[in-house]
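No gaps in the numbering here: position 347 of the sequence shown is 347 in our numbering, and each next residue is one more. A virtual CB, placed ideally from N, CA and C, is assigned to each residue, including glycine. This one's a predicted model, so the numbers in the text were calculated from it and none came from an experiment. These notes are about the structure you will find just below.
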Amino acid sequence: MIKIFLKSTIRNLLQNKFYSIINIVGLAIGITATVLIMLYVQSELSYDRYHEKSSSIYRVNLFAVLSDNEFDSPVTCPPLAKVLEEEFPEVETAVRFANFTQPVIRYEEDVFSETNWFFTDPDFFDVFTAPFILGNAEDALVQPYSVVLTELTAQKYFGNENPIGKSLRWDNDQQYVVTGVIRNFPQNSHFKPDFLASLVGQPLDKDPQWINNQLYTYLVLKEGYSMQDIETKFPDLVRKYVGPQVKQGLGVSYDDFLAGGAKYDFYLQPLTDIHFESKSTANLEPGGNKSYMIIFSIIAIFIMAIACINFMNLATARSAKRAKEVGIRKTSGSNRGFLISQFLSESVIITFISMVLAMVLIKLF
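Following this line, the structure appears as structure tokens:
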């Protein structure tokens, strides 16, 4: 039976080439456009969710009001992470990193101006998921002047050679020893370093200034705690550590600082909210827009609906021309169920061919 349906369908497709091409190509384009749009939407909505601890990771942001100017920034001070680990029992781990743009990196005769060189704490890999190809997460960044490369970066500098133990020169000055190679960061990550160098031994590592905001700070909450448990403690932390430096720098007490309309406070932002909810110019990557995701999803549904309606309209338009064929089949003894199955099988085969063509087009994009 299936063999009969298949032969009949192929014969009809070949006899009506123009109709077949329009139907198959039209449906394939509709499927391709819909799938590509939904893949983009899915990628946007999955930002930073690939981290194993994504539901427990938060970025510490700074909100300040100084001289009637508001500042909402993801960049915070060097001592914050250590204090969070030592004085906040809710915090499992806290890490910092800073992005240095356009350092000149040298290896032998190769010289490159890079844009994604990060300095970070050794605990970076305890917070964020970054699978190692060479080396190990436990000690990769423990020593000063050590650096971990992404897979593409390692290939760029060392080709197929093993880079472990080899040195890169930073701005014709300091040598950094390669201690590991990790998988490339995916596109749906709000930060994409090519180099992760140890913050140990760098001036920022031990900088005691609470108003010197140059680092991004992230923390992992222990199970059973919420971000509100942390945020309610921030005012006391600011008073304890920022207050004395405000008095030293401005010559006024922290209470007078607040009474004058100023504000200085930290707040937490879930890692998975950063791409859509954070609009600061200090973000490491441009943010997304959830409204666009809704619009794109509606467009995808509309395109698919139009493709299906077009498919049905073309089939309906041909029904009158196929009336003679139906009559002959009935005369030959074909029952109603057989004829329905015949037409359904044709639609299924055309749809299958369209889907195969759509898969090819999607691969090309």
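Rounded to whole angstroms, the gap between the alpha carbons of L314 and S226 is 57 Å. A81 counts as buried, since no fewer than 16 other beta carbons sit within 10 angstroms of its beta carbon.
Cβ neighbours of V142 within its own chain (closer than 8 Å, five residues either side excluded): P122, S198, V200. Residue pairing by DSSP places T120 opposite F97, S198 in a beta bridge. Under the three-state reduction of DSSP, S113 is assigned to strand. Remark: C-beta atoms of N184 and C77 do not approach each other more closely than 8 Å. Counting along the chain, no beta strand (DSSP E) covers P244; the unbroken alpha helix (DSSP H) around it starts and ends at 234-250. Listed in chain order, the non-local C-beta contacts of Q102 below 8 Å within the same chain comprise S113, E114, T115, local neighbours out to five positions each way being set aside. Rounded to the nearest angstrom, the gap between the Cα atoms of A307 and I349 is 16 Å. As DSSP reads the structure, P270 sits in a beta bridge with Y58. Within the region 155-205, the complete beta strand (DSSP E) segments at least 3 residues long are 167-170, 174-182, 195-198, listed from N- to C-terminus. Contact annotation, L62 with F71: C-beta distance approximately 7 Å; criterion of less than 8 Å satisfied. Judged by DSSP secondary structure, I133 falls within the beta strand (DSSP E) whose first and last residues are 132-134. The region 14-76 is shown to contain whole alpha helix (DSSP H) runs of 4 or more residues at 17-45, in chain order. A direct Cα-to-Cα measurement between K17 and L36 gives close to 28 Å. In the DSSP assignment, L284 falls outside any alpha helix (DSSP H), carrying neither H nor E. Our two residues, S354 and I309, have alpha carbons roughly 15 Å apart in a direct line. The Cβ atoms of V95 and F124 sit closer than 8 Å to each other. Between I230 and L271, the gap from beta carbon to beta carbon reaches 8 Å or more. Excluding the 5 residues flanking it on each side, E92 has same chain C-beta neighbours closer than 6 Å at V220, K222, in chain order. In this chain, V83 is not harboured by any beta strand (DSSP E); it is covered by the alpha helix (DSSP H) spanning 80-87. Counted as a single uninterrupted DSSP element, the stretch harbouring I211 is not any alpha helix (DSSP H), since DSSP gives it neither H nor E. The residue among P163, L66, K247, D205 with its C-alpha nearest the C-alpha of G261 is L66. Per the coordinates, the alpha-carbon of P286 lies some 16 Å from the alpha-carbon of V41. Pairing T34 with A154, the inter-Cα distance amounts to about 37 Å.
Residue pairing for L221: DSSP places it in a beta bridge opposite V91. By the Cβ criterion, the region 38-57 is in contact with the region 272-292, since at least three pairs of Cβ atoms, one from each stretch, lie closer than 8 Å. Per the C-alpha coordinates, the member of R239, T120, T129 positioned closest to P144 is T120.
If you check the CB distance, L284 and F365 do not come in under 8 Å. Around the beta-carbon of L344, fewer than 16 other beta-carbon atoms lie within 10 Å, marking it exposed.
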